[in-house]
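Chemist:
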Amino acid sequence: MDNDRRSAERQNQAGYTAVLCEACEPNDDLGVLDALSDSVSRSPHGVLVRSPCQLGKLWCHTRKNSRRTTGQVILVQPCDTRRRPLGPVILVGPIRTSADLADVTRWLKSTPTSAHGLPDRLHRPLRNPSPASPN
1162 MDNDRRSAER
1172 QNQAGYTAVL
1182 CEACEPNDDL
1192 GVLDALSDSV
1202 SRSPHGVLVR
1212 SPCQLGKLWC
1222 HTRKNSRRTT
1232 GQVILVQPCD
1242 TRRRPLGPVI
1252 LVGPIRTSAD
1262 LADVTRWLKS
1272 TPTSAHGLPD
1282 RLHRPLRNPS
1292 PASPN
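Heads up: the sequence shown begins at 1162 in the working numbering, then just goes up one per residue.
1. Taking 8 Å as the threshold (beta carbon to beta carbon), is D1261 in contact with chain B?
2. What residues in its chain sit with their C-beta under 8 Å from that of H1284, if we drop five residues either side in the sequence?
3. With distances taken between CB atoms, is the gap from L1181 to R1203 smaller than 8 Å?
4. Name the DSSP beta bridge partners of Q1233, please?
5. Do L1191 and I1256 count as a contact pair if the criterion is CB distance below 8 Å?
6. Indicate the three-state DSSP secondary structure (helix, strand or coil) for L1247 in the structure shown.
7. Find the nearest neighbour of V1193 within the set G1278, W1268, A1263, S1271, judged by alpha-carbon distance.
8. Is S1202 helix, strand or coil when you go by DSSP?
9. Can you tell which of G1207, Q1233, R1282, L1197 has its C-alpha closest to the C-alpha of T1274?
10. Return the CA-CA distance between Q1233 and L1279, expressed in angstroms with no decimal places.
11. Quick one: Cα of W1268 to Cα of D1195, how far?
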């Protein structure tokens, strides 16, 4: 019972940062940025950021050369209200269709702390991302 209460409190205090990759090939017909902005604004502790690719130029380049993987991706970092991470980063996408976009926006409105509730086609685990190099 005590664990359930703590879990509920953690969910109520949870937020996320969603990073939309600007290097991905946008599908302007879908209105991904507008839909994500609307969903995130409805989350009490959600933040949307547009950024160059966080996975590396080679990752984006290989995706652009494959028709089945085109579409925008977002990285979602579950966090608490102080923006401290609550778990691993979740790779979401590619968002290729209006159904994909609807599933992602519905998932974001739930203030996700894991990939639970996101269709498998829209979630891929990040495989051992390399640590940042020192300057």
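C-beta: ideal position from N, C-alpha, C; glycine also.
Modeler: In this structure, then:
1. The structure shown contains no chain B, having only a single protein chain.
2. I1251, L1252, V1253, A1276
3. no
4. I1256
5. yes
6. coil
7. A1263
8. S1202: helix per DSSP, three-state reduction.
9. G1207
10. 16 Å
11. 16 Å
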